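**Student:** Going by our numbering, the sequence shown opens with residue 185, and the numbers climb by one from there.
Backbone N, C-alpha and C define an ideal beta-carbon position, used for all residues, glycine too.
Since the structure is predicted, the reported quantities are computational estimates derived from the model, not experimental observations.
For reference, the structure I am asking about is given below.
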Amino acid sequence: VDMARSTSPLVQQLRARCIQAAHLLGPIDPEHGQAVTLLSRLQGDDILSTIVSRYSAGASFDQLVPAWPLPDHDPALRRALTGHTDWVRAVAVAPDGSWLASAADDWTVRLWNIDGSPRATWPCPAARGWVRAVAVAPDGSWLASAAGRTVRLFNTADGTLRAILSGHSSWVNAVAVGTDGRWLVSASADHTVRLWNAADGKLRAIYPNRLPRFFQRFRSFGAVRAVAVAPDGNWIASAGNDHTVRLWNTNDGSPRATLTGHTDWVNSVAVAPDGNWIASVSADHTVRLWNTADGSCTTVVRVDGPLTDCTIFPDGRHLFVSGHAGLYLFAYRPRPRGA
């Protein structure tokens, strides 16, 4: 609080670094371990170098000083949120940007304020499985989580369970909410995408991921791993282990297109804000962009390692991709008209 009131650039930089390292500065034995840890996080900062040198020189304890920049330290880091006791599988941000939700293998969904403080924890003990996905309604009043073979809807104001959507016969891997907040879709390892009413949790439609006869013997090949909703809500995109991206009409559940080109599992799909193109990432080390009008692949980029997730920025001009080799940020440059 005191540092927040200061206008000194040095104090503000120190405050920012303390916030970045807050999750590492808890009680530790011996006590001077806190100071050693903090000093290790302040290394390499020109503004704070004088303080670091002075304090290090006068310290009465042994120190470990980083020999090169720490691999987990990035100037862009604002804060690390800790509390989950197992892998965190998914995050979603509220429409107003004031809070976010996380889903984890510890069978919980957690809400966090944007300053990093815990807001709520909602257990999913009866899910009999990890919580693999989470999506927030457009108005922020409720969210959907994929827990085991079910989808659970929670009211965000008080955490009350709004509905449990049952019907999938295997893991639910992804959820997405319709643009009007009246419906949602779920994607599962049971080879289906399902459309549900948000108000009462009733099933509206099932989109089967039908495979060619040859591949029907391989049960896992039909698993659906990702789903995304078009901006106008008229269609959805799904992707999975069959190496394809599929588009479905939401009004009648009919197939709209099957996009082929990937040569391994397609792990994530995202729709551009204007609905004119979509991005998909795969275990085949590639990012592909597709024209939604005709289903053509407009470009492909190969990177070093399997890719796991992708997000298109609201400006429709940037694509964020994550994979085994790290994080990637791409700028989208469409083909000039008439080219």
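(1) Among Ala341, Ala371, Pro302 and Ser350, whose alpha-carbon lies nearest the alpha-carbon of Val318?
(2) Between the beta-carbon of Ala441 and the beta-carbon of Gly479, is there less than 7 Å?
(3) Just how far apart, CA to CA, sit Ile212 and Val220?
(4) What did DSSP end up calling Ile235 once you bin it into helix, strand or coil?
(5) Let me check understanding here. Comparing Cα to Cα, which of Pro520, Pro214, Thr470 and Leu387 lies closest to Phe529?
(6) At 3 residues or longer, what runs of the beta strand (DSSP E) sit wholly inside the region 393 to 462?
(7) Evaluate the contact criterion for the region 232 to 246 versus the region 261 to 268: three or more CB pairs, one atom per stretch, below 8 Å.
(8) Please report the straight-line C-alpha distance between Val335 and Ser452, rounded to a whole angstrom.
(9) Can you give me the start and stop residues for the beta strand (DSSP E) that Thr470 sits inside?
(10) Alpha carbon to alpha carbon, how far is Gly332 from Gly417? Give it in angstroms, no decimals.
(11) Could you check if Val249 is buried or exposed, using at least 16 other CB atoms within 10 Å of its CB as the buried criterion?
(12) Tell me the rounded alpha-carbon separation between Val293 and Ala276.
(13) If you measure from the beta carbon of Gln204 to each beta carbon in chain C, is any gap under 7 Å?
(14) Taking C-beta to C-beta, are Val429 and Ile420 nearer than 7 Å?
(15) His502 lies in the beta strand (DSSP E); which residues open and close that run?
(16) From the DSSP output, read off the bridge partner residues of Pro307.
(17) What residue does the beta strand (DSSP E) around Leu261 start on, and which one ends it?
(18) Check each candidate in Trp326, Pro322 and Gly267 and name the one with the smallest Cα separation from Pro302.
(19) Is it buried or exposed, Trp271, if we count other Cβ atoms within 10 angstroms and call 16 or more buried?
(20) Apart from the five residues just before and just after Pro253, which ones in its own chain have a Cβ nearer than 7 Å to its Cβ?
**Tutor:** Taking the structure as given:
(1) Among Ala341, Ala371, Pro302 and Ser350, the Cα nearest to that of Val318 is on Ala371.
(2) Taking 7 Å as the Cβ cut-off, Ala441 and Gly479 qualify as a contacting pair.
(3) Those two C-alpha atoms are separated by around 11 Å.
(4) Helix at Ile235.
(5) What is shown of the chain runs 185 to 523, which leaves residue 529 out entirely.
(6) If only uninterrupted beta strand (DSSP E) runs of at least 3 residues are considered, those enclosed by the region 393 to 462 are 408 to 413, 419 to 424, 429 to 433, 439 to 443 and 450 to 455.
(7) The region 232 to 246 vs the region 261 to 268: no contact.
(8) Each residue's alpha carbon lies about 19 Å from the other.
(9) Boundaries of the beta strand (DSSP E) around Thr470: Thr470 to Asn475.
(10) One Cα belongs to Gly417, the other to Gly332, and the distance between them is close to 26 Å.
(11) Classification for Val249: exposed.
(12) In a straight line, the C-alpha of Val293 is about 11 Å away from that of Ala276.
(13) In summary, chain C is missing from the structure at hand, where a single protein chain is found.
(14) Against a cut-off of 7 Å, the Cβ pair of Ile420 and Val429 comes out as no contact.
(15) From DSSP, the beta strand (DSSP E) with His502 extends over His502 to Gly507.
(16) For Pro307, the pairing in a beta bridge is given by DSSP as Thr292.
(17) Neither: Leu261 is in no beta strand (DSSP E) and is coded neither H nor E.
(18) Closest option to Pro302, Cα to Cα, is Gly267.
(19) Here Trp271 is exposed: its Cβ has fewer than 16 other Cβ atoms, across all protein chains shown, within 10 Å.
(20) Cβ contact annotation for Pro253 (same chain, cutoff 7 Å, sequence separation greater than five): Gly228, in chain order.
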